[in-house]
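Novice:
In my numbering, the protein residues as written are 214 to 418.
1. Out of curiosity, what's the CA-to-CA distance linking residue 291 and residue 407?
2. Can you round the beta-carbon distance between residue 332 and residue 289 to whole angstroms, since I take them to be within the 8 Å contact cut?
3. Does residue 244 come out as helix, strand or coil in the three-state DSSP assignment?
4. Going by the CB atoms, is the gap between residue 251 and residue 404 shorter than 9 Å?
5. Helix, strand or coil for residue 332 per DSSP?
6. Kindly indicate the opening and closing residues of the alpha helix (DSSP H) around residue 356.
7. Taking contact to mean at least 3 C-beta pairs separated by less than 8 Å, is the region 223 to 230 in contact with the region 292 to 305?
8. Is DSSP giving residue 351 helix, strand or coil here?
9. Would you check if the region 265 to 285 and the region 369 to 377 touch, i.e. whether three or more CB-CB distances between them fall below 8 Å?
10. So which of 340, 409, 399, 354 has the shortest CA-CA distance to residue 225?
11. So the candidates are 414, 261, 401; which of them puts its Cα closest to the Cα of residue 300?
12. So what's residue 321 in DSSP terms, helix, strand or just coil?
13. Just to confirm the assignment, what range does the alpha helix (DSSP H) spanning residue 288 have?
14. Can you give me the Cβ contacts of residue 365 inside the same chain, cut-off strictly under 6 Å, excluding the 5 residues immediately before and after it?
15. Could you check how far apart the C-beta atoms of residue 238 and residue 297 are, in whole angstroms? I think they sit under 8 Å.
16. Roughly how far, in whole angstroms, is the beta-carbon of residue 344 from the beta-carbon of residue 323, given that I think they are within contact range, below 8 Å?
17. Which residue's Cα is closest to the Cα of residue 220: 327, 348, 326?
18. With residue 228 as the anchor, note down where its alpha helix (DSSP H) starts and where it stops.
19. Quick one: residues in its chain with C-beta nearer than 6 Å to the C-beta of residue 280, no 5 flanking neighbours on either side, listed in chain order?
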């Protein structure tokens, strides 16, 4: 059994499951329906496919060589995540709408998942530095890195499907007006804080 492959899978699973903007966006969409949460997770997996492909191709190294490009992508990603957070909080003001409709204000879950993930340049740098560590010197680099990239995407698909399923299982409780508003507020605050942090980091650097 390939010990390096097992180790990589464990590390990648931890990175994928780490709470952040991806997780918050999936939960927010899963409140509408399990399907929306699952589709959002599919979008995130698509974003990870872009990042890992860039890492495999070595293109992500450009982000290191050109700091201005890296900062520009950080600003774009931060602005988008901040937009999602503010939108979620603003939707809470529309108290006349049902909780399900309030959550449904975030249309196009596939696009939201993809854009939220793909505009995070740190993901490309993470995989650029991580993938080569698990390519044995005796193995051809391209097939191995492609395999590692597919593992990352598969883990993301499985994890966010599970998140969507758990939200659905708790749906009866989560869709109670008070619980729904609390969760909506929590994800809105989380996304707003994450977006603000992404925006401030390049500005303060």
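Glycine included, every Cβ here is placed at the ideal spot set by N, Cα and C.
Specialist: In short, the structure shows the following:
1. In the chain shown, the residue the question calls residue 291 occupies position 78. In the chain shown, the residue the question calls residue 407 occupies position 194. The straight-line gap from Cα to Cα measures roughly 7 Å.
2. Indexing the chain shown from 1 puts residue 332 at position 119. Indexing the chain shown from 1 puts residue 289 at position 76. Contact flag correct, Cβ pair sits at about 5 Å.
3. By 1-based counting over the chain shown, the position of residue 244 is 31. Coil at residue 244, not helix or strand.
4. Counting from one through the chain shown, the residue named residue 404 turns up at place 191. Counting from one through the chain shown, the residue named residue 251 turns up at place 38. It is not a contact, given that the beta carbons lie outside the stated cut-off.
5. Start at 1 with the first residue of the chain shown, and residue 332 comes out as number 119. Residue state, collapsed to three classes: coil.
6. In the chain shown, the residue the question calls residue 356 occupies position 143. Counting along the chain, the alpha helix (DSSP H) containing residue 356 begins and ends at 354 to 382.
7. no
8. What you label residue 351 is simply residue 138 of the chain shown in a count that begins at 1. Coil.
9. no
10. Taking the chain shown and counting its residues from 1, one reaches residue 225 at position 12. Proximity to residue 225 across 340, 409, 399, 354 peaks at 340, based on C-alpha coordinates.
11. What you label residue 300 is simply residue 87 of the chain shown in a count that begins at 1. The shortest Cα separation from residue 300 among 414, 261, 401 belongs to 401.
12. In the chain shown, the residue the question calls residue 321 occupies position 108. In the structure shown, residue 321 sits in coil (DSSP, three-state: anything other than H, G, I, E or B).
13. Translated into positions along the chain shown, residue 288 becomes position 75. First-last of the alpha helix (DSSP H) with residue 288: 280 to 304.
14. The count along the chain shown starts at 1 and reaches residue 365 at position 152. So the list reads 225, 261, 265, once near-sequence residues are dropped.
15. Locating residue 238 in the chain shown gives position 25, counting from the first residue. Locating residue 297 in the chain shown gives position 84, counting from the first residue. The pair is a contact, with the Cβ atoms about 7 Å apart (cut-off 8 Å).
16. Within the chain shown, numbered from 1, the residue matching residue 344 stands at position 131. Within the chain shown, numbered from 1, the residue matching residue 323 stands at position 110. Not a contact, Cβ separation roughly 26 Å.
17. Here residue 220 is taken as the residue at index 7 of the chain shown, counted from 1. Looking from the CA of residue 220, the closest CA among 327, 348, 326 belongs to 348.
18. For the purposes of this step, residue 228 is identified with residue 15 of the chain shown, where counting begins at 1. Residue 228 -> alpha helix (DSSP H) spans 216 to 230.
19. On the chain shown, position 67 is the one that residue 280 refers to. The answer is none, since no qualifying residue turns up.
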